[in-house]
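Colleague:
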Amino acid sequence: MEDLLLAWIRSARNRPFLLIIAGRLSGFHDWKRTHLPIACQVVGSTIFLHFDGEERLTISDAAGLIVEPNGELWVGDASEVRFIWVSDENPAKDCEEVFTKFGRFILFNRTDDLYTTGTGYMSSGDKFVVLR
Numbered sequence: 002m003e004d005l006l007l008a009w010i011r012s013a014r015n016r017p018f019l020l021i022i023a024g025r026l027s028g029f030h031d032w033k034r035t036h037l038p039i040a041c042q043v044v045g046s047t048i049f050l051h052f053d054g055e056e057r058l059t060i061s062d063a064a065g066l067i068v069e070p071n072g073e074l075w076v077g078d079a080s081e082v083r084f085i086w087v088s089d090e091n092p093a094k095d096c097e098e099v100f101t102k103f104g105r106f107i108l109f110n111r112t113d114d115l116y117t118t119g120t121g122y123m124s125s126g127d128k129f130v131v132l133r
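Per our numbering, the sequence shown starts with residue 2, numbered consecutively.
1. With 16 other CB atoms within 10 Å as the buried threshold, where does Glu55 fall?
2. Hey, which unbroken runs of the beta strand (DSSP E) at 3 residues or more fall wholly within the region 22 to 71?
3. I need the boundaries of the alpha helix (DSSP H) containing Asp4, first residue and last residue.
4. Does the pairing of the region 48 to 62 with the region 84 to 95 give three or more beta-carbon distances under 8 Å?
5. I'd like the span of the beta strand (DSSP E) that includes Asp78, first residue to last.
6. Could you tell me if Leu58 is buried or exposed, where buried requires 16 or more neighbouring beta carbons within 10 angstroms of its beta carbon?
7. My output table needs one value for Lys102: the three-state DSSP class, helix, strand or coil.
8. Less than 8 Å between the CB atoms is what I'm expecting for Glu81 and Thr112, so what's the real figure, rounded?
9. Here's a check: name, in chain order, each residue in its chain whose Cβ is nearer than 6 Å to the Cβ of Ile48, leaving out the five neighbours to either side.
10. If I follow the unbroken beta strand (DSSP E) through Leu19, where does it start and stop?
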C-alpha cells in the first residue's frame, strides 16, 4: 500500500486535489478548497497523508486503495477518517473533521475554536475517501 501511495504522490506533484469523504466535499478552510499532497506514511492499515499548509489526513483501517489512470486516489473503506489543519497565523482557525463509519452509517463531527457540529447520515457510495 505504501509503494502505491508513494508512486501516486510522485505522479501528483504540484497537482491540487479536492477531498471528498463519505460523499461530502471536505477540507474547506479560509478560502482553501484544494489540497496538495507532499508525503505519506503507512502503519499497518492506517494511512497518513500530509499536505502543504499543515494539513493531515489519517485513514484508519484503510481497504480497497485504488489509483485511477486520471490520477484520482480512492479508498473504498475505512473505520475512521480525520482531516486536520493548523493555521500558523491564527490558531483560532485550527480545525478537525472526523468521519466515523458504522456499517453504512457515517457519524460526522467538525470542531474548531468557534463551534462544534455533528451529524449522522447513511453512506450511499462505494468510495469512502476520494482525492479528485
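Glycine residues also receive a C-beta, built at the ideal position from the N, C-alpha and C atoms.
Modeller: To lay it out plainly:
1. exposed
2. 25 to 27, 38 to 44, 47 to 52, 56 to 61, 64 to 68
3. 3 to 12
4. yes
5. 74 to 78
6. buried
7. strand
8. Contact flag wrong, Cβ pair sits at about 15 Å.
9. Ile60, Ala63
10. From DSSP, Leu19 is part of no beta strand (DSSP E); its letter is neither H nor E.
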